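Engineer: Can you keep this structure in mind? I'll have questions shortly.
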Amino acid sequence: MDNAASVYGDRGVWADDHPVVRMGGTLTAAAITAAPKAGTILKANGANVEPAATADTPVGVLAADSDGTANVIYGVHGVVVSKRLLDNTGAEANATLKAKLTAIGIYLKQAWGGNFK
């Protein structure tokens with residue numbers, strides 16, 4: 343899925359230190375309205391995904407800005423830039439939520455000056 347369509351609007355969230363494993367998903371109706379941005383940490387809600395809060399268990403990180411439809415691409419393994427991770431409010435995710443990402447194979451990088459995927 344490393345084509346222009348899958349990385350458009352990605353805000354430089356995913357670093358190329360390690361190949362990113364991406365999956366397709368479906369946002370909940372409420373999440374579609376919120377139009378989450380790339381870097382939003384996601385949680386499962388039934389068969390769908392939506393932005394995660396601190397108390398939630400993450401399932402991935404949104405790989406590209408939502409385009410106003412239900413279909414999204416999110417990463418489930420790879421390296422992300424810590425400062426670009428967002429929570430369910432659209433603000434930078436706190437350390438507690440970010441720390442939960444390593445359990446699903448997503449590792450944090452503090453800063454990055456190279457290429458993004």
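This note's numbering applies: residue 343 is where the sequence shown begins, and numbers increase by one.
All C-beta atoms in this analysis are idealised placements derived from N, C-alpha and C, irrespective of residue type, glycine included.
Quick caveat: nothing in here was measured; it's all calculated off a predicted structure.
#1: Grouping DSSP H, G and I as helix and E and B as strand, with all else coil, what is G447?
#2: What's the gap between the Cα of I419 and the Cα of A380?
#3: Can you tell me whether N413 is buried or exposed? The criterion is at least 16 other CB atoms within 10 Å of its CB, across all chains shown.
#4: Have a look at A373, V362, N436 and flag the residue whose alpha-carbon is nearest the alpha-carbon of N390.
#5: Rounded to whole angstroms, what is the Cα-Cα separation between M343 and A405?
#6: Around the Cβ of L439, are there at least 16 other Cβ atoms within 10 angstroms (buried) or fewer (exposed)?
#7: What's the call for N436, buried or exposed, on a 16-neighbour Cβ count within 10 Å?
#8: Using CA atoms only, rank isn't needed, just tell me which of Y449, N387, I383 is closest to P400.
#9: Beta-carbon separation of D450 and S408 under 8 Å?
#10: How long is the line joining the alpha carbons of G432 and K442, rounded to whole angstroms?
#11: So the candidates are G402, D398, L428; which of them puts its Cα closest to the Cα of R364?
Structural biologist: Taking the geometry as given:
#1: Sequence index remark: in the sequence shown, residue 447 carries index 105 (1-based). Of the three classes helix, strand and coil, the one that applies to G447 here is coil, per DSSP.
#2: Reading the sequence shown from its first residue, position 77 is the one you call residue 419. Reading the sequence shown from its first residue, position 38 is the one you call residue 380. The question names Ile, yet the displayed sequence has His at residue 419. In this structure, the alpha-carbon of H419 lies about 15 Å from that of A380.
#3: Mapped onto the sequence shown, residue 413 falls at position 71. Counting other Cβ atoms within 10 Å of its Cβ, N413 stays below 16 and is therefore classed as exposed.
#4: Against the sequence shown, residue 390 aligns to sequence position 48. Looking at the Cα atoms, A373 is the closest of the given residues.
#5: Sequence index remark: in the sequence shown, residue 343 carries index 1 (1-based). Sequence index remark: in the sequence shown, residue 405 carries index 63 (1-based). Since pLDDT at M343 reaches only 39, below the 50 mark, its modelled position is unreliable, and the value read off the structure follows with that caveat. The straight-line gap from Cα to Cα measures roughly 11 Å.
#6: As a working mapping, residue 439 is identified with position 97 in the sequence shown. A buried status is given to L439, since no fewer than 16 other beta-carbon atoms sit within 10 Å of its beta-carbon.
#7: Looking up residue 436 in the sequence shown gives position 94. N436 comes out exposed.
#8: Numbered from its first residue, the sequence shown carries residue 400 at position 58. Of the candidates Y449, N387, I383, I383 places its Cα closest to the Cα of P400.
#9: As a position in the sequence shown, residue 450 is number 108, starting the count at 1. As a position in the sequence shown, residue 408 is number 66, starting the count at 1. At residue 450 the sequence reads Leu, which differs from the Asp that was named. No.
#10: What you label residue 432 is simply residue 90 of the sequence shown in a count that begins at 1. What you label residue 442 is simply residue 100 of the sequence shown in a count that begins at 1. Going by the C-alpha atoms only, they are around 18 Å apart.
#11: Start at 1 with the first residue of the sequence shown, and residue 364 comes out as number 22. It is G402 whose Cα lies nearest to the Cα of R364.
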